[in-house]
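Start counting the sequence shown at 12; every next residue gets the next number (my numbering).
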Amino acid sequence: MARLKLKEHVINRDWCKGCGICVHFCPKKVLELDSQEKVIAVRPEDCICCKLCELRCPDLAIEVVTIQTNQEAQTDQTTRMSEDD
Ligand code: SF4
Ligand code: SF4
Numbered sequence: 012m013a014r015l016k017l018k019e020h021v022i023n024r025d026w027c028k029g030c031g032i033c034v035h036f037c038p039k040k041v042l043e044l045d046s047q048e049k050v051i052a053v054r055p056e057d058c059i060c061c062k063l064c065e066l067r068c069p070d071l072a073i074e075v076v077t078i079q080t081n082q083e084a085q086t087d088q089t090t091r092m093s094e095d096d
């Protein structure tokens with residue numbers, strides 16, 4: 012299976028109402044509210060791309076943009092080929 016890697020968090024500050032739902036649900040404490048009560052990604056390097064923040068935001072104000080790496084897909088194929096032998 013392809014592995015997802017974080018590209019960026021796209022946050023629409025006009026739409027974010029500072030409810031903190033995404034901050035609460037993030038399992039890796041990546042997100043915080045800033046002094047203007049808008050969400051920011053303070054620890055993007057810890058993001059595991061679970062997209063819970065994006066899925067839970069009632070205002071569609073946060074999007075987790077990812078890129079796919081096919082490192083695992085290649086590994087799977089190699090495993091399958093050796094099993095066939
Ligand atoms: S859940 Fe959405 S509206 Fe609420 S703080 Fe997060 S980004 Fe902002
Ligand atoms: S994708 Fe998951 S780990 Fe990353 S910021 Fe959102 S909730 Fe946190």
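Cβ coordinates follow ideal geometry from the N, Cα and C atoms, glycine included.
DSSP state of residue i, grouped into three classes?
i	result
I59	coil
R54	coil
T89	Unreliable placement is indicated for T89, whose pLDDT of 48 sits below 50; the coordinate value is still reported in the next sentence. It is helical.
V41	coil
When you compare the CB positions of residue i and residue j, do they come within less than 7 Å of one another, or not?
i	j	result
C30	A72	no
V21	E74	yes
So, at 8 Å on beta carbons, what are the nonlocal neighbours of residue i in its own chain, with the 5 sequence-adjacent residues on each side left out?
i	result
T90	Interpretation of T90 is limited by its pLDDT of 48, a score under 50 that renders its predicted location unreliable; no figure is taken from the coordinates.
Q79	A13, R14, L15, K16
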